[in-house]
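Numbering (my numbering), first residue to last: 6 to 341. Even glycine gets a Cβ: it sits at the ideal position worked out from N, Cα and C.
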């Protein structure tokens, strides 16, 4: 049933002025403990819910933080959101979520919409952050932290892992397991800083083990299952059959596993497959996926904490935060 209790009703029942009730709700000016407890008791008895818009006009604070995501159902995004929401709640902020389906025009519209809702800060998650986004957000003056594979190309607060090191570590792990013909499937054909870092880590691991780099074992795909399947199929139809396929996305890695099975290869007996991110599918698919664990929950938690610090005018000690990764060794990779 709709709550019809107003601030006027609370003031009348408590025997105080409307402005006194407002002071108690918004903690804007001091009142005696006796009056404060009396007002709070009446609020509890009546079930009065303050109007958030009216409250924001008094406090000049909306307690809202916007979150722009490319695909809310994506496992990578959803695990980051868990961290964002929990930390926001801890600091008494509410989240306004905007799903853009990776469409640049929709991303710009979402930023404008959230701005109209008087958000105090924002976390921008984007597969492909562009200069237009960064310039517009800066002009709007919205304190923002970015999580994006291309965010490192801009002078903005970001949260990520060291992708060069992470790719090196997984390639080295595969080599130590006895693999020499290691295919690498990355997420973008564009020369982004992310892909250059990942390719650099892969090459460094090969070089240290005196394994020749072979361009024919490199493919680019999207992060989804279908693209991973397609990329692995292309590799397995080539002249060199790898003994391991390293895919920089878990869902795409699952696609690669099924492509290998459909081509008559067993995973991991014939071909090992490794992923990147360590989302839920990595733990439940069979064989369980050996993958690079990114602390996705922590990435969201750190990103929202950085935004809250900026909102409060506190110093953000580190602008580009790199969180630790680790190799999760499961069943999709075996010793040769």
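Next on the checklist: Within 10 Å of its beta-carbon, does residue 95 have 16 or more other beta-carbons around it, so buried, or fewer, so exposed?
Outcome noted: exposed
Next on the checklist: Just to confirm my understanding: we take residue 216, look at its own chain, exclude 5 residues before and 5 after, and list those with CB closer than 6 Å. What are they?
Outcome noted: 185
Item to check | Those runs of the alpha helix (DSSP H) which lie wholly inside the segment 176 to 231 and span at least 4 residues | outcome: Within the segment 176 to 231, the complete alpha helix (DSSP H) runs of at least 4 residues are 198 to 213.
Item to check | In DSSP terms, what residue 330 is bridged to | outcome: Answer by DSSP bridge pairing: none, since residue 330 is not bridged.
Next on the checklist: One question on the structure: do residue 73 and residue 89 come within less than 8 Å of each other, judged by their Cβ atoms?
Outcome noted: no
Item to check | Per-residue DSSP class, three states only, for residue 173 | outcome: helix
Checklist entry - Does DSSP classify residue 134 as helix, strand or coil? => result coil
Checklist entry - CA-CA distance, residue 169 and residue 224? => result 17 Å
Checklist entry - Which whole-angstrom value is the C-beta distance of residue 157 and residue 325, which I expect to be below 8 Å? => result 7 Å
Next on the checklist: According to DSSP, simplified to helix, strand and coil, what is residue 64?
Outcome noted: Below a pLDDT of 50, predicted positions are generally treated as unreliable, and residue 64, at 48, falls in that range; no measurement from the model is reported.
Checklist entry - Can you give the Cα-Cα distance for residue 289 and residue 41, rounded to whole angstroms? => result 52 Å
Item to check | residue 336, DSSP secondary structure in three states | outcome: coil
Item to check | Span of the beta strand (DSSP E) around residue 72 | outcome: 69 to 74
Checklist entry - residue 25 to residue 37, Cα distance in whole Å? => result Going by the C-alpha atoms only, they are around 10 Å apart.
Checklist entry - What residues in its chain sit with their C-beta under 6 Å from that of residue 53, if we drop five residues either side in the sequence? => result 10, 15
Item to check | Rounded straight-line distance, which links the Cα of residue 30 to that of residue 64 | outcome: Reliability of the predicted coordinates at residue 64 is poor, the pLDDT of 48 falling under 50, and no value is obtained from them.
Checklist entry - Using a Cβ-Cβ cut-off of 8 Å (strictly less than) and excluding sequence neighbours within five positions of residue 339, which residues of its own chain qualify? => result 182, 273, 274, 277
Checklist entry - Where DSSP assigns a beta bridge to residue 100, which residues make up the other side? => result 70
Checklist entry - Which first and last residues belong to the beta strand (DSSP E) in which residue 280 is found? => result 277 to 282
Item to check | C-alpha gap between residue 312 and residue 149, whole angstroms | outcome: Our two residues, residue 312 and residue 149, have alpha carbons roughly 6 Å apart in a direct line.
Next on the checklist: Am I right that residue 241 and residue 264 are in contact with their C-beta atoms under 8 Å? What's the rounded C-beta distance?
Outcome noted: 7 Å
Item to check | Continuous beta strand (DSSP E) stretch holding residue 249: start and end | outcome: 249 to 252
Item to check | Residues near residue 159 by beta carbon distance below 8 Å, same chain, minus five either side | outcome: Around residue 159: 134, 136, 139, 151.
Next on the checklist: Distance check for residue 187 and residue 209, CA to CA, integer angstroms please.
Outcome noted: 13 Å
Next on the checklist: Check this for me: beta carbons of residue 81 and residue 116, under 8 Å apart or not?
Outcome noted: Residue 116 is positioned such that its CB atom lies no closer than 8 Å to that of residue 81.
Checklist entry - Using the rule of at least 16 other Cβ atoms within 10 Å of the residue's Cβ for burial, across every protein chain shown, is residue 122 buried or exposed? => result exposed
Checklist entry - Could you give the residue range of the alpha helix (DSSP H) that holds residue 151? => result Boundaries around residue 151 are those of the beta strand (DSSP E), 149 to 153, since no alpha helix (DSSP H) includes it.
Next on the checklist: Taking only three categories from DSSP, how would you classify residue 165?
Outcome noted: strand
Next on the checklist: Let me check understanding here. Comparing Cα to Cα, which of 27, 172, 17, 213 lies closest to residue 329?
Outcome noted: Answer by Cα proximity: 172.
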